[in-house]
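Colleague: Numbering-wise (this note's numbering), the sequence shown opens with residue -7 and increments by one. C-beta: ideal position from N, C-alpha, C; glycine also. Quantities reported herein were computed from a predicted structural model and do not represent experimental measurements.
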Amino acid sequence: MLETELREKNQQIAQFQERQREFNVLLRSVNEQLALAAAPKSSSTHRSSFTTKKPPETSPIFTKT
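1. What separation, rounded to the nearest whole angstrom, lies between the Cα atoms of leucine -6 and arginine 20?
2. If you reduce the DSSP assignment to three classes, tell me which class lysine 1 lands in.
3. Out of curiosity, what's the CA-to-CA distance linking glutamine 7 and glutamate 0?
4. Could you check what DSSP says for alanine 31 in three-state terms: helix, strand or coil?
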């Protein structure tokens, strides 16, 4: 009788461990996706640093004389 209960508990523990492993895999995937979503977009930042700005219209260079 105790051996049967012990086998049953071992099966339950094995099933629980498998569910925990699956949960950990899913959680890691979610964390990776969140990290990617929160990461700064290097390509858009890179492009915006090289955009030329229009000089202000009140600049002395562009004033009509």
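Modeller: Let's see:
1. Here residue -6 corresponds to residue number 2 of the sequence shown, with the count starting at 1. Here residue 20 corresponds to residue number 28 of the sequence shown, with the count starting at 1. Cα-Cα distance, rounded: 38 Å.
2. Position 9 of the sequence shown holds residue 1. Three-state DSSP puts lysine 1 in a helix.
3. What you label residue 7 is simply residue 15 of the sequence shown in a count that begins at 1. What you label residue 0 is simply residue 8 of the sequence shown in a count that begins at 1. Rounded to whole angstroms, glutamine 7 to glutamate 0 spans 11 Å at the Cα level.
4. The sequence position of residue 31 within the sequence shown is 39, counting from 1. Residue state, collapsed to three classes: coil.
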